[in-house]
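Engineer: Take this structure, written in structure tokens, and hold onto it; I'll ask about it next.
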Amino acid sequence: MPRRSIWKQRMLWLVAGAGVIALVAWSPFMLRAVAPSGMDWDRLSEVSQAYGAVAVLFSAAAFLGAIVSIFHQAKQTRIMHEDIRSSMHKELALRALDDETLMHCWDPPPSPCTFAEARQHTYCNLIYRLWLTDYVVTRTTLESAQLTLEIHFKGAVARRHWGIFGPLWIDWAQANDNRPEREFISVTQRVYEKAVAAGPPVEASSYFLPPHN
């Protein structure tokens, strides 16, 4: 949703809430203006007080609803921005997977590697960024992400990727000062260390059976 439309909706909610409150506040004066002569104002006052109490409750409920709506729209906007940014990054990375000259436009690898290994690292990075974004925008919990990472780090390529790029992710999270990102990356490091301590990984050559003749 465009930002201008979101702000327009917020303003409509605020104006509507202010209008209801103003209507309640001015209702006694409006009644006095239109009431016929000889009106029993004591009786009218009792009715007005009862009406006013109910109206205040409705006004409070409407105002609370506007606040909840604003917070919900802000969350949806944040999710939309994260999705757009992730989509742009993915498009750039995918273009470099099949073109070594485009891969040279990215940062040089922390340690020397072949182009095939660089492609694997880039793809692992896309997978990891997807999981990180899902956690940041609360699509997944830290517990479910941990289970996913435990399976992920059974593979040799995944371990090699994090062994090389994990320190960079950790430095980036600390510099970025984003609590959900720090949480996710910290859990990733713990799961990685636990996987390494548990024993050797599954090599890529063992992933699939040879083709049947």
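Each residue of the sequence shown is one higher than the one before, starting from 7 at the first, in the numbering used here. Backbone N, C-alpha and C define an ideal beta-carbon position, used for all residues, glycine too.
(1) With a CB to CB cut of under 6 Å and the five nearest residues on each side skipped, what residues in its chain are close to S99?
(2) How long is the line joining the alpha carbons of G172 and V197, rounded to whole angstroms?
(3) Below 8 Å on the Cβ atoms is my contact criterion, and I expect L155 with T194 to pass it. Report the Cβ-Cβ distance as a whole number of Å.
(4) How about the region 102-110 and the region 137-151: do they share at least three Cβ pairs that are nearer than 8 Å?
(5) Thinking C-beta only, is K160 closer than 8 Å to P207?
(6) Among N182, R165, W175, which has the Cα closest to the Cα of A203?
(7) Could you round the C-beta distance between S223 and I170 to whole angstroms and report it? I think they count as a contact, below 8 Å.
(8) Just list the alpha helix (DSSP H) runs in the region 95-149, keeping only unbroken ones of 4 residues or longer that don't cross its boundaries, in chain order.
(9) With distances taken Cα to Cα, identify the nearest neighbour of A201 among I157, I176, A181, R125.
(10) By the 10 Å Cβ neighbour count, where 16 or more other Cβ atoms means buried, how is P8 classified, buried or exposed?
(11) Where does G205 fall in DSSP's three states?
(12) Do A124 and A162 have their C-beta atoms closer together than 8 Å?
(13) Where do the N-terminal and C-terminal ends of the alpha helix (DSSP H) with H167 fall, by residue?
(14) Let's test the definition: count the other Cβ atoms within 10 Å of the Cβ of A181 and tell me whether it reaches 16, buried, or not, exposed.
(15) Between the C-alpha atoms of W112 and V143, what's the straight-line distance to the nearest angstrom?
Structural biologist: In this structure, then:
(1) It should be noted that the sequence gives Ala, not Ser, for residue 99. Contacts found: T128, L132.
(2) Spanning the two alpha carbons is a distance of roughly 12 Å.
(3) Indeed, because the Cβ distance is near 6 Å, the residues count as touching under 8 Å.
(4) Output reads no: the region 137-151 does not touch the region 102-110.
(5) Here P207 is near K160, since their CB atoms are less than 8 Å apart.
(6) It is R165 whose Cα lies nearest to the Cα of A203.
(7) Residue 223 is absent from the structure shown; the chain starts at 7 and stops at 219.
(8) Listed in chain order, the complete alpha helix (DSSP H) runs (minimum 4 residues) inside the region 95-149 are 106-109, 121-142.
(9) When only C-alpha atoms are compared, the closest one is I157.
(10) Here P8 scores only 46 on pLDDT, less than 50, and its place in the model is too uncertain to base an answer on.
(11) G205: coil per DSSP, three-state reduction.
(12) Result no, Cβ atoms of A124 and A162 do not sit closer than 8 Å.
(13) Under the DSSP assignment, H167 falls in the alpha helix (DSSP H) whose first and last residues are 162-182.
(14) Here A181 is exposed: its Cβ has fewer than 16 other Cβ atoms, across all protein chains shown, within 10 Å.
(15) The straight-line gap from Cα to Cα measures roughly 26 Å.
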